[in-house]
Amino acid sequence: MVMAMDVAGDPAHFSLDGVIRFREVRYFTQLATETISGDNGETEWSFINVAVISLFSLPDNELLELSSHVVASCAYYGDDDICVIDIKSITDVVAMVPHHPRLPSGVVEDRFFMVEKPGLDVASFGILPVDDAVEGEGGDNDLDDGQ
């Protein structure tokens, strides 16, 4: 199974009824909601930000226990379990990596295990911005005048 891993398709975990769940965001959108003003009874419209998601199962408890809570292996429900959530309930973005494990129950099936991604701040770890380049270390001022 190939999952789209673009910005809107990154798996993430979120809280659903107080339980942390993994999901794949299909897309983000806004929903118009109607509210009635208390004083004059006029109808007003506001927007709420939501995500349309498909769910993964809860992690296999036996595998989670045997791996000292390292391998959170989940089945992917795809189109069978789609729902709409408030985007504020998304707590983190993670990667769900496909694997084909033999579960402690003896069942072998296609599943996904969770890998937490580091933040984007590590993408430039150890790289100096152009403005902060140290003099004499490959800056534009090191050009040979003999050219």
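FYI, in the working numbering the residues of the sequence shown are 169 to 315.
Built from N, CA and C at the ideal position, the CB exists for glycine as well.
- Phe215 and Leu199 do touch by the CB rule: their CB atoms are close to 7 Å apart, below 8 Å.
- Beta-bridge partners of Asn217 (DSSP): Gln198.
- Within the model, the alpha-carbon separation for Ile250 versus Leu223 is close to 7 Å.
- Classified as exposed, Tyr195 has fewer than 16 neighbouring CB atoms from the shown chains inside 10 Å of its CB.
- Within the same chain, and ignoring the five residues on either side of Pro227 in sequence, the residues whose Cβ sits closer than 7 Å to its Cβ are Ala240, Ser241 and Cys242.
- Contact annotation: His268 and Phe281 have beta-carbon atoms that are not nearer than 8 Å.
- If you keep only unbroken beta strand (DSSP E) runs of at least 3 residues inside the segment 226-269, you get 250-254 and 258-267.
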